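Novice:
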Amino acid sequence: MTTFDIGRIRSSRPEVLLAAAQRLETCRLDVEAVVIRLLRHRVRGWSGPASAVAATRAAALVAGLGRLGACLAASSICLSQAAARVRAAQDLLARADQRAAADGAWVDHEGTLFLPVRASGLDPVLEAHRARRDVLLREEVNTYLRQAVRLAADVDTRLAADLLAAARGGAAAAPVLAAGGALPVPAPPVVLHDAAGAYASAAWWRCLTDAQRRSVIRGHPQWVGPRDGIPATARHEANLALLAEAERAASAALVAEREHPANVVGVDVLAPARRRVEDLRAVRAVLGRRDGVVRRLLFLDARGREVKVVVAQGDVETAEHVVTFVGGLSTKPRDDLARYDDRFTPLRQQALREGEGADTAIVTWMGYEAPQPHEIVTTIDRNVLNPKLARDNADELAAFVTGLAAARDEPVHQTVWAHSYGSVLAGNALLQDSPIDDVAVFGSPGVPFDRIERTGLKTGSFNVLEGAHDPVARPGWPLFGRHPDTVSGADSLSTTALKDPTAACNLWRGIGSGADDPSRTASGHSEYLRAGTVSADNLVAVAVGRHDLVLQQTPVERSCVTTPTLPLPPAAVSTRLAALLPLPLASR
Amino acid sequence: MRYEVDPAVVGDAAAEMDSALARLASIRADLAVAAVSSGLPGGEVAASTPRLVEAWRDRFRDARLELLGLGSALAAASSLYEGVERTAAATFSAGSQGGAR
Numbered sequence: 001m002t003t004f005d006i007g008r009i010r011s012s013r014p015e016v017l018l019a020a021a022q023r024l025e026t027c028r029l030d031v032e033a034v035v036i037r038l039l040r041h042r043v044r045g046w047s048g049p050a051s052a053v054a055a056t057r058a059a060a061l062v063a064g065l066g067r068l069g070a071c072l073a074a075s076s077i078c079l080s081q082a083a084a085r086v087r088a089a090q091d092l093l094a095r096a097d098q099r100a101a102a103d104g105a106w107v108d109h110e111g112t113l114f115l116p117v118r119a120s121g122l123d124p125v126l127e128a129h130r131a132r133r134d135v136l137l138r139e140e141v142n143t144y145l146r147q148a149v150r151l152a153a154d155v156d157t158r159l160a161a162d163l164l165a166a167a168r169g170g171a172a173a174a175p176v177l178a179a180g181g182a183l184p185v186p187a188p189p190v191v192l193h194d195a196a197g198a199y200a201s202a203a204w205w206r207c208l209t210d211a212q213r214r215s216v217i218r219g220h221p222q223w224v225g226p227r228d229g230i231p232a233t234a235r236h237e238a239n240l241a242l243l244a245e246a247e248r249a250a251s252a253a254l255v256a257e258r259e260h261p262a263n264v265v266g267v268d269v270l271a272p273a274r275r276r277v278e279d280l281r282a283v284r285a286v287l288g289r290r291d292g293v294v295r296r297l298l299f300l301d302a303r304g305r306e307v308k309v310v311v312a313q314g315d316v317e318t319a320e321h322v323v324t325f326v327g328g329l330s331t332k333p334r335d336d337l338a339r340y341d342d343r344f345t346p347l348r349q350q351a352l353r354e355g356e357g358a359d360t361a362i363v364t365w366m367g368y369e370a371p372q373p374h375e376i377v378t379t380i381d382r383n384v385l386n387p388k389l390a391r392d393n394a395d396e397l398a399a400f401v402t403g404l405a406a407a408r409d410e411p412v413h414q415t416v417w418a419h420s421y422g423s424v425l426a427g428n429a430l431l432q433d434s435p436i437d438d439v440a441v442f443g444s445p446g447v448p449f450d451r452i453e454r455t456g457l458k459t460g461s462f463n464v465l466e467g468a469h470d471p472v473a474r475p476g477w478p479l480f481g482r483h484p485d486t487v488s489g490a491d492s493l494s495t496t497a498l499k500d501p502t503a504a505c506n507l508w509r510g511i512g513s514g515a516d517d518p519s520r521t522a523s524g525h526s527e528y529l530r531a532g533t534v535s536a537d538n539l540v541a542v543a544v545g546r547h548d549l550v551l552q553q554t555p556v557e558r559s560c561v562t563t564p565t566l567p568l569p570p571a572a573v574s575t576r577l578a579a580l581l582p583l584p585l586a587s588r
Numbered sequence: 001m002r003y004e005v006d007p008a009v010v011g012d013a014a015a016e017m018d019s020a021l022a023r024l025a026s027i028r029a030d031l032a033v034a035a036v037s038s039g040l041p042g043g044e045v046a047a048s049t050p051r052l053v054e055a056w057r058d059r060f061r062d063a064r065l066e067l068l069g070l071g072s073a074l075a076a077a078s079s080l081y082e083g084v085e086r087t088a089a090a091t092f093s094a095g096s097q098g099g100a101r
């Protein structure tokens, strides 16, 4: 096999292949006209042995011309498809060039990537960020270059063989004619849950023709639906097919369980099958919402103990900003998917306003089986007090966000919002190379790093939100690593609307007891996303890259958040205490 | 077997073959594929383009020869039938002189 290099791909001219395809199609039409002419001209008024022999010979001639026409058609289709694939290879090179140029690098004619000399000895956070970007750049650009060469070489070899077989006719042409010019779909790369896997999948998809893409979605939806690096539209279509399949299987399993229940005393044996049906119903219901909002099913896996699902609200292929939200303990589709979707609708509208018209898509990422409350006493590995589950699934999150970027033609600003145990998972994902620009962790028990240089994020990109009375965020759980607001380089954002920003709190007057505006304050562990709160405002500002709108946590607020307050006393006690104490408890 | 011959009809078929042959001769698939080497330079397609051109040229030449063969046979048959007709007519003409007297 001839080695195809980058230089040859650059000097290839797909338009020439296309022109040849069109000329061959014209030839085919001409042959067809000859065949029609021969078929129409039936000799009447001649019968007998000589006539029969002549007719047999004429029929053979027509058949031969028919085969000739079919070979011309197959050659024409082969050339058209080859032109499209060569163009795809050149598009991959163009993407590699653009990607390199965006970071001040360049790819020469032969495909060598040159990085500019980066200034060193400056801000260590910036250097770490720069180094991470360079790793990603090399990975992405080289993946595209390798795939482009592989594709062009395959096109060249296959086209040469097919054209010759079709031109020579006979038995060798049979496979080309049988395929009708349709190329078999090359198997996708093995799914690797890291940046390299997402880039390889993106390159694989970009190298398929439209016909192949349609064919693979129809014939192998499992190749497309879960694959990071493939455009959302295609994943959605494939995942809808997988959803229908999963629904059928789950319903059948439930019926079977009902008819022949396993005999386990005291155990609801139908529960797992019923939960699966409920999870899938929840997915279907969210996708079926008719509120004019685009929703995409980006991932579905109903094979495990819990259904894993990823749903985007908004168009992740075109939105300027994409947020990926990761939930924590007890998150599951049947209970939370619709709830999160409800929460995100007003936040997206707010993001549209604050983002000066730029669209923001918000993804509910339930791509891992979140730990469940009962597992605190039933398991070790899946226990919410154990960071193992977060570590094990961090690759999936990193690959997902990498895939979102790789599947797009335009750059995207990506933010991860991570709540509770989800922030432990996101923290582990941040240790990998991924194109995450900004992060906001809220109600976080801890993250596995002590300074943001280890994540490659820029200064001001690691944001921590901690509300008052959040038993998870305060004091944090040391077994997960560092409390996020003690991470060097972290920014602590406001979650509280104090009535008097200068008045410190104390045991009797604190958050939830007169010091704040409850409608604007996120209190406890589960209010961070409530629209209208300072917390949600901050999350939206981070999502749209409006650091000028971000409200930092002030020392006064910090003392309020961390100062314990007495529980609200009964009214009678309150009245008696009010008379004794200098502070107005009545207002509590 | 029923015999029926109209030499003119067979002659028309031969003429039709000639016309089809002219149309077939104008089809140049070999020229159409000659340019593909510049579409994918330096690889297997480029290396195999001369063989490709030759293959299409041979294929069309074979088709033309086949068409030519059939057309020639039809023309020969038409001519033969006309000759038979003429000979038979001449035989009857000769045999009929004075026979009715």
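If you read the sequences in order, they're chains V and R. When we follow this note's numbering, the leftmost residue of the first sequence carries the number 1, and every step to the right adds one. When we follow this note's numbering, the leftmost residue of the second sequence carries the number 1, and every step to the right adds one. Note that beta-carbon positions come from the ideal geometry of N, C-alpha and C, so glycine has one too. Computed from a predicted structure; not experimentally measured.
#1: Between R/L21 and the rest of its own chain, which residues show a CB-CB distance below 8 Å, the 5 nearest in sequence each way excluded?
#2: I need the boundaries of the beta strand (DSSP E) containing V/Q414, first residue and last residue.
#3: Are V/E139 and V/A202 closer than 7 Å when you measure CB to CB?
#4: Pair every Cβ in the stretch 149-164 of chain V with every Cβ in the stretch 42-59 of chain R, then say whether three or more of these pairs are closer than 8 Å.
#5: Quick check on V/L29: buried or exposed, where buried means 16 or more other Cβ atoms within 10 Å of its Cβ?
#6: Who are the near neighbours of V/P584 in its chain, counting only those whose CB is closer than 6 Å to its CB and skipping five residues on each side?
#7: What did DSSP end up calling V/H525 once you bin it into helix, strand or coil?
#8: Just to check my reading of the structure: V/A543 and V/A351 have Cβ atoms closer than 8 Å, yes? What is that Cβ distance to the nearest angstrom?
#9: Assign V/E110 to one of two classes, buried (16 or more other C-beta atoms within 10 Å of its C-beta) or exposed (fewer than that).
#10: Answer yes if the stretch 402-412 of chain V comes into contact with the stretch 368-386 of chain V, meaning at least three C-beta pairs across the two stretches below 8 Å, and no otherwise.
#11: Count the other CB atoms, across all protein chains shown, that sit within 10 Å of the CB of V/S444; report buried if there are 16 or more and exposed otherwise.
#12: Would you please verify whether the beta carbon of V/D97 is less than 7 Å from any beta carbon of chain R?
#13: Could you say which of V/A172, V/P501, V/W477 and V/E527 lies nearest to V/H469 if we only look at CA atoms?
#14: Measuring only between beta-carbons, confirm whether R/P50 sits less than 7 Å from chain V.
#15: Whole beta strand (DSSP E) runs in the stretch 156-218 of chain V with 3 or more residues, listed along the chain?
#16: With a threshold of 7 Å between beta-carbons, can R/L70 be considered close to chain V, or not?
#17: So V/G456 and V/A128 are in contact, right, with Cβ under 8 Å, and what is the actual spacing, rounded?
#18: Would V/I36 be called buried (16 or more neighbouring beta carbons within 10 Å of its own) or exposed?
#19: Going by alpha carbons, who is nearest to V/L242 out of V/R258, V/Q553 and V/G219?
#20: Are any of the Cβ atoms in chain R nearer than 7 Å to that of V/C27?
#21: Is the beta carbon of V/L364 sitting closer than 7 Å to the one on V/F325?
#22: Under three-state DSSP, which class holds V/Q313?
#23: How big is the Cα-Cα spacing for V/R588 and V/S513?
#24: Whose C-beta lies closer than 6 Å to the C-beta of V/D156 among residues of the same chain, with five residues either side of it excluded?
#25: For R/L65, return the contacting residues in chain V, with the cut-off set at a CB-CB distance below 8 Å.
#26: Going by DSSP in three states, V/N393 sits in which element: helix, strand or coil?
#27: Can you look up V/A105 in the DSSP assignment and give me helix, strand or coil?
#28: Could you name the residues of chain V that R/S38 contacts, counting a contact when the two beta carbons are closer than 8 Å?
#29: Under the assumption that R/A29 contacts V/C27 (Cβ atoms under 8 Å), give the Cβ distance between them as a whole number of angstroms.
#30: For V/H193, is the classification buried or exposed, using 16 other Cβ atoms within 10 angstroms of its Cβ as the cut-off for buried?
#31: Got a sec: is the Cβ-Cβ distance from V/A55 to anything in chain R below 7 Å?
#32: For V/W477, which residues from the same chain have a beta carbon less than 8 Å from its beta carbon, with the 5 sequence-adjacent residues on both sides left out?
#33: Nearest by alpha-carbon distance to R/S38: which of V/A50, V/E15 and V/R474 is it?
#34: Would you mind stating whether V/S330 and V/Q372 have Cβ atoms separated by less than 7 Å?
#35: Keeping to the same chain, check which residues put their C-beta closer than 7 Å to that of R/A13; ignore five residues upstream and five downstream.
#36: Give the straight-line distance between the Cα atoms of R/A100 and R/V84, rounded to the nearest whole angstrom.
Specialist: The short version:
#1: Position 21 of the second sequence holds residue 21 of chain R. Correct list, in chain order: R64, L67, L68 and G71.
#2: Position 414 of the first sequence holds residue 414 of chain V. Run containing V/Q414: H413 to H419, per the beta strand (DSSP E) assignment.
#3: On the first sequence, position 139 is the one that residue 139 of chain V refers to. On the first sequence, position 202 is the one that residue 202 of chain V refers to. Result no, Cβ atoms of V/E139 and V/A202 do not sit closer than 7 Å.
#4: Flag = yes, the stretch 149-164 of chain V and the stretch 42-59 of chain R touch.
#5: Numbered from 1 along the first sequence, position 29 holds the residue referred to as residue 29 of chain V. Answer is exposed; the Cβ neighbour count stays below 16.
#6: Translated into the one-based positions of the first sequence, residue 584 of chain V becomes position 584. Per-residue confidence for V/P584 stands at a pLDDT of 41, beneath the threshold of 50, marking its modelled position as unreliable; no derived number is given.
#7: One-based indexing of the first sequence puts residue 525 of chain V at position 525. Reduced to three states, the DSSP call for V/H525 is coil.
#8: For the purposes of this step, residue 543 of chain V is taken as residue 543 along the first sequence, with counting starting at 1. For the purposes of this step, residue 351 of chain V is taken as residue 351 along the first sequence, with counting starting at 1. At roughly 6 Å, the Cβ-Cβ gap stays under 8 Å, so V/A543 and V/A351 are in contact.
#9: On the first sequence, position 110 is the one that residue 110 of chain V refers to. V/E110 comes out exposed.
#10: Taking 8 Å as the limit for Cβ pairs, the verdict is that the stretch 402-412 of chain V does not touch the stretch 368-386 of chain V.
#11: On the first sequence, position 444 is the one that residue 444 of chain V refers to. Buried, because 16 or more other Cβ atoms sit within 10 Å of the Cβ of V/S444.
#12: Along the first sequence, read from residue 1 onward, the residue named residue 97 of chain V stands at position 97. No, V/D97 lies away from the interface with chain R (no Cβ there is under 7 Å from its Cβ).
#13: Locating residue 469 of chain V in the first sequence gives position 469, where the first residue counts as 1. With distances taken between CA atoms, V/H469 lies nearest to V/E527 out of V/A172, V/P501, V/W477 and V/E527.
#14: What you label residue 50 of chain R is simply residue 50 of the second sequence in a count that begins at 1. Chain V, which has no Cβ nearer than 7 Å to the Cβ of R/P50, makes this no.
#15: You should have found no qualifying run.
#16: Residue 70 of chain R sits at position 70 when you count from the first residue of the second sequence. At least one C-beta of chain V is nearer than 7 Å to the C-beta of R/L70.
#17: Taking the first residue of the first sequence as position 1, residue 456 of chain V is located at position 456. Taking the first residue of the first sequence as position 1, residue 128 of chain V is located at position 128. Here V/G456 really is in contact with V/A128; their C-beta atoms are around 5 Å apart, less than 8 Å.
#18: What you label residue 36 of chain V is simply residue 36 of the first sequence in a count that begins at 1. So V/I36 ends up on the exposed side.
#19: Here the question's residue 242 of chain V lines up with position 242 in the first sequence. Nearest to V/L242 by alpha-carbon distance, out of V/R258, V/Q553 and V/G219, is V/G219.
#20: To locate residue 27 of chain V, count along the first sequence from 1; it is residue 27. Yes, because at least one Cβ of chain R sits closer than 7 Å to the Cβ of V/C27.
#21: Mapped onto the first sequence, residue 364 of chain V falls at position 364. Mapped onto the first sequence, residue 325 of chain V falls at position 325. It should be noted that the sequence gives Thr, not Leu, for residue 364 of chain V. Contact: yes.
#22: Here residue 313 of chain V refers to the residue found at position 313 of the first sequence. Three-state DSSP puts V/Q313 in a strand.
#23: For the purposes of this step, residue 588 of chain V is taken as the residue at position 588 of the first sequence. For the purposes of this step, residue 513 of chain V is taken as the residue at position 513 of the first sequence. For V/R588, the pLDDT reaches just 34, beneath the cut-off of 50, and the residue's location in the model is therefore unreliable, leaving the point undetermined.
#24: Your numbering for residue 156 of chain V matches position 156 in the first sequence. For V/D156, where only same-chain residues beyond five positions count, the Cβ hits under 6 Å are F4.
#25: Sequence index remark: in the second sequence, residue 65 of chain R carries index 65 (1-based). Result: empty, since nearest Cβ-Cβ is about 11 Å, beyond 8 Å.
#26: Within the first sequence, numbered from 1, the residue matching residue 393 of chain V stands at position 393. In the structure shown, V/N393 falls within a helical segment according to DSSP collapsed to helix, strand and coil.
#27: On the first sequence, residue 105 of chain V is found 105 positions in, with the first residue counted as 1. Correct three-state label for V/A105: coil.
#28: Indexing the second sequence from 1 puts residue 38 of chain R at position 38. When 8 Å is used as the limit between beta carbons, R/S38 is near these residues of chain V: R13 and V16, in chain order.
#29: Mapped onto the second sequence, residue 29 of chain R falls at position 29. Mapped onto the first sequence, residue 27 of chain V falls at position 27. Cβ atoms of R/A29 and V/C27 come within 8 Å of each other, at about 5 Å.
#30: Stepping through the first sequence from its first residue, residue 193 of chain V is reached at position 193. Label assigned to V/H193: buried.
#31: For the purposes of this step, residue 55 of chain V is identified with residue 55 of the first sequence, where counting begins at 1. Not one chain R Cβ lies under 7 Å of V/A55.
#32: Along the first sequence, read from residue 1 onward, the residue named residue 477 of chain V stands at position 477. The residues are L385, P445 and G446.
#33: Along the second sequence, read from residue 1 onward, the residue named residue 38 of chain R stands at position 38. Ranking the options by Cα distance to R/S38, first place goes to V/E15.
#34: Position 330 of the first sequence holds residue 330 of chain V. Position 372 of the first sequence holds residue 372 of chain V. With contacts defined by Cβ atoms closer than 7 Å, V/S330 and V/Q372 form a contacting pair.
#35: Translated into the one-based positions of the second sequence, residue 13 of chain R becomes position 13. Excluding sequence neighbours, R/A13 sits near L74.
#36: By 1-based counting over the second sequence, the position of residue 100 of chain R is 100. By 1-based counting over the second sequence, the position of residue 84 of chain R is 84. Because the pLDDT at R/A100 is just 48, under 50, the model does not fix this residue reliably, and the point stays unresolved.
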